[in-house]
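The sequence shown: position 26 = 32 (our numbering), numbered continuously.
Even glycine gets a Cβ: it sits at the ideal position worked out from N, Cα and C.
Keep in mind the model is a prediction, meaning the values are calculated, not measured.
Here the structure is laid out as C-alpha cells; the discussion comes afterwards.
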Amino acid sequence: MRTHLPSRKVIAVLTAALLATGMAACGNSDTGDKGDDGTITLGFSQVGAESGWRTANTTSIKEAATGAGIDLKFDDAQQKQENQIKAIRNFIQQKVDVIAFSPVVESGWDTVLKEAKDAKIPVILTDRSVDSADKSLYKTFLGSDFVKEGRLAGEWLVEQKKAAPGPVNIVELQGTTGSAPANDRKKGFAEAIAANPNLKIIASQSGDFTRAGGKQVMEQFLKANPKIDVLFAHNDDMGLGALEAITAAGKVPGKDITIITVDAVKDGMQALADGKFNFIAECSPLLGPQLMDLVKKVHNGEEVPARIETQETTFTQEQAKEALPNRKY
C-alpha cells in the first residue's frame with residue numbers, strides 16, 4: 007500500500023511560513039505591539055458617556071487621533087474609578103507611549119500614576135484634574151477652570167437679583183460626588199453669590215451629571231420646597247432633566263424658576279434660545295486637537311506647561327440664538 011508523503015518543496019514552504027510566523031510573534035511581543043513605523047500609541051480612559059458633553063468630547067478625541075496619525079487605544083470607564091485604574095494598568099502592560107485620562111473623581115490615583123511613572127510612560131490629565139500632592143506623576147492638565155465657571159454663573163445671578171426685596175431660594179444640582187467639576191463649580195458659585203445675602207442655597211444634591219439624575223433630584227426638590235426661585239445645575243444634561251420635572255409640577259421653566267447651567271451643548275443652547283434656560287457658562291468638550299498636540303510633545307520629551315486652560319465664554323438667550331446655527335456640539 008502506497009503512502010502519500012509531502013514533497014520536499016511543500017515541506018520547505020511550510021517550514022518557512024512557520025518561521026516567519028514565529029519571528030513576527032516575537033517581534034510583536036518585544037515592541038509592545040507599537041511597531042517600528044514611528045507611530046505614537048496613546049492609551050485613553052474616558053469617564054463614560056453620561057452626557058451630551060462627554061459624547062462630544064469622545065468624538066473630538068477619536069477624530070483628532072485619526073487626523074494626527076496617532077494609534078488610539080480607547081477605554082470607557084462607565085463612571086467607575088476602579089475601571090479607570092484597571093484600564094491604566096492595561097495600558098502600562100501594553101507599553102503604550104503616552105497615557106491620557108479624564109479622572110472620574112479627584113482622589114485615589116497616586117498608586118497607579120506611580121506605576122506609570124516607573125514604567126516611564128508620561129501621563130496627561132484631560133478635562134478633570136486630580137488632587138495628588140506629587141505633581142511629577144503627570145506631565146500636564148488640559149481643561150477648563152471649573153471654579154471660574156461656577157463663579158461666572160453666580161456673578162450673573164447676583165446681577166440679575168440685585169433688586170430682589172427678599173430671600174431668593176436656590177437649589178443646586180451637583181455633578182458626580184467627588185469629581186473636580188462638581189467640587190469646583192460648587193465652590194465658585196458659592197463664593198460669587200456670597201456678595202448678596204438674599205441669595206440662599208436651600209438644597210444641594212448630586213444628579214451625577216445625567217438627565218435622569220437631574221429629573222429625579224429636581225422632583226425631590228420640588229416636593230420638599232414649595233418656593234424655589236433659582237436652579238443652578240452643574241451641567242446642561244441635569245438641567246434638561248430638571249426641565250421635565252419643573253414642567254410636570256405645573257411651573258414654567260425660565261420664568262417661574264430661573265435656570266443656570268454649565269456646558270453649552272446644543273440641547274442646552276436650544277433650551278436657552280427658547281427661554282427655558284436663562285444663562286449658560288460654557289465648558290468646551292472639543293479638546294481632541296490640543297490633546298494630540300500635547301501627546302506628540304511629551305512623547306518627544308518637550309517641555310509643556312503644567313496647566314493649559316481651554317478658552318470659553320458665557321451665553322444669554324440672544325447670544326445662544328446667534329451661536330446655535332454654527333454650533334459643533
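Checklist entry - Closest to Lys334 by CA distance: which of Pro232, Asn175, Ser290 and Ala248 is it? => result Indexing the sequence shown from 1 puts residue 334 at position 328. Checked all of Pro232, Asn175, Ser290 and Ala248; the closest Cα to Lys334 is Ser290.
Item to check | Endpoints, the alpha helix (DSSP H) within which Thr64 is located | outcome: The residue labelled residue 64 in the question sits at position 58 within the sequence shown. Where Thr64 is concerned, the enclosing alpha helix (DSSP H) stretches over Gly58 to Ala74.
Item to check | Host beta strand (DSSP E) of Asn178 (start-end) | outcome: Counted from its first residue, the sequence shown places residue 178 at position 172. First, the residue type needs correcting, since residue 178 is Glu and not Asn in the sequence shown. Segment Val174 to Gln180, the beta strand (DSSP E) holding Glu178.
Next on the checklist: Let me confirm a value: Pro232 is counted as buried when at least 16 other C-beta atoms fall within 10 Å, else exposed. Which label applies?
Outcome noted: Taking the sequence shown and counting its residues from 1, one reaches residue 232 at position 226. That one is exposed.
Item to check | Span of the beta strand (DSSP E), counted from its first residue to its last, around Ala164 | outcome: The residue labelled residue 164 in the question sits at position 158 within the sequence shown. Per the sequence presented here, residue 164 reads as Val, with Ala not at that position. It is not in any beta strand (DSSP E) - Val164 instead sits in the alpha helix (DSSP H) that spans Phe152 to Gln166.
Next on the checklist: If the criterion is Cβ atoms closer than 8 Å, does the pair Lys327 and Ala279 meet it?
Outcome noted: Working through the sequence shown from its first residue, we reach residue 327 at position 321. Working through the sequence shown from its first residue, we reach residue 279 at position 273. It is a contact, given that the beta carbons lie within the stated cut-off.
Next on the checklist: Count Cβ pairs between the segment 216-226 and the segment 157-169 that sit closer than 8 Å; are there 3 or more?
Outcome noted: no
Item to check | Buried or exposed by the 16-neighbour rule on C-beta atoms within 10 Å, applied to Gln317 | outcome: Here residue 317 corresponds to residue number 311 of the sequence shown, with the count starting at 1. Classification of Gln317: exposed, given that the 10 Å Cβ count is below 16.
Next on the checklist: As a quick exercise: from Phe107, Leu237, Gln99 and Gly149, pick the residue whose alpha carbon is nearest that of Phe80.
Outcome noted: Taking the first residue of the sequence shown as position 1, residue 80 is located at position 74. It is Phe107 whose Cα lies nearest to the Cα of Phe80.
Checklist entry - Which of helix, strand or coil does DSSP assign to Ala48? => result By 1-based counting over the sequence shown, the position of residue 48 is 42. Here the sequence assigns Leu to residue 48, which means Ala is not the residue at that position. Strand at Leu48.
Checklist entry - Who does Ser135 pair with in a DSSP beta bridge? => result Locating residue 135 in the sequence shown gives position 129, where the first residue counts as 1. Ser135 is not bridged to any residue.
Checklist entry - Touching or not, the segment 54-66 and the segment 281-288, by the rule of three or more beta carbon pairs under 8 Å? => result no
Checklist entry - Looking at C-beta atoms only, is the number of pairs between the segment 293-302 and the segment 234-254 that lie closer than 8 Å three or more? => result no
Checklist entry - Quick one: Cα of Thr253 to Cα of Ile176, how far? => result In the sequence shown, counting from the first residue as 1, residue 253 sits at position 247. In the sequence shown, counting from the first residue as 1, residue 176 sits at position 170. Roughly 18 Å between the two C-alpha positions.
Next on the checklist: If distances are taken between C-alpha atoms only, which option among Val310, Thr65 and Gly181 comes closest to Tyr144?
Outcome noted: Within the sequence shown, the letter at position 138 stands for residue 144. Nearest option by C-alpha distance: Val310.
Checklist entry - Does the beta-carbon of Gln226 have 16 or more other beta-carbons within 10 angstroms, so that it is buried, or is it exposed? => result Start at 1 with the first residue of the sequence shown, and residue 226 comes out as number 220. Exposed.
Checklist entry - Between which two residues does the alpha helix (DSSP H) harbouring Leu119 extend? => result Your numbering for residue 119 matches position 113 in the sequence shown. Segment Asp116 to Asp124, the alpha helix (DSSP H) holding Leu119.
Next on the checklist: Using C-beta distances below 6 Å, list every residue in its chain close to Gln211, excluding the 5 sequence neighbours before and after it, in chain order.
Outcome noted: Here residue 211 corresponds to residue number 205 of the sequence shown, with the count starting at 1. So the qualifying residues of the chain are Val223.
Item to check | Beta-carbon gap between Gly149 and Phe97 smaller than 8 Å | outcome: Looking up residue 149 in the sequence shown gives position 143. Looking up residue 97 in the sequence shown gives position 91. No, these two residues do not count as a Cβ contact at 8 Å.
Item to check | First and last residue of the uninterrupted beta strand (DSSP E) at Phe285 | outcome: Locating residue 285 in the sequence shown gives position 279, where the first residue counts as 1. Where Phe285 is concerned, the enclosing beta strand (DSSP E) stretches over Phe285 to Glu288.
Checklist entry - Exposed or buried, what is Ala288 when buried is set at 16 or more other beta-carbons lying within 10 Å of its beta-carbon? => result Here residue 288 refers to the residue found at position 282 of the sequence shown. The sequence shown places Glu at residue 288, rather than the Ala named in the question. It counts as buried.
Next on the checklist: For His240 and Arg157, what's the separation of their Cα atoms in angstroms?
Outcome noted: Taking the sequence shown and counting its residues from 1, one reaches residue 240 at position 234. Taking the sequence shown and counting its residues from 1, one reaches residue 157 at position 151. So the alpha carbons of these two residues sit roughly 12 Å apart.
Item to check | the segment 125-142 in contact with the segment 82-90 per 3-pair CB rule at 8 Å | outcome: no
Checklist entry - Within 10 angstroms of its Cβ, does Asp43 collect 16 or more other Cβ (buried), or is it exposed? => result The count along the sequence shown starts at 1 and reaches residue 43 at position 37. Exposed: under 16 other Cβ atoms inside 10 Å.
Next on the checklist: Going by beta-carbon coordinates alone, are Leu163 and Leu228 separated by less than 8 Å?
Outcome noted: Looking up residue 163 in the sequence shown gives position 157. Looking up residue 228 in the sequence shown gives position 222. In this structure, Leu228 does not lie closer than 8 Å to Leu163 by Cβ.
Checklist entry - Which residues in the same chain as Thr146 place their Cβ atom closer than 8 Å to its Cβ, once the five residues preceding and following it in sequence are excluded? => result For this step, residue 146 is matched to residue 140 along the sequence shown. Only Ile130, Leu131, Leu300, Val304, Val310, Pro311, Ala312, Arg313 and Ile314 meet the Cβ criterion.
Item to check | Reference Lys141, options Glu121, Ala62, Asp116 and Asp151, closest by Cα | outcome: Taking the first residue of the sequence shown as 1, we reach residue 141 at position 135. Minimum Cα distance to Lys141 is reached at Asp116.
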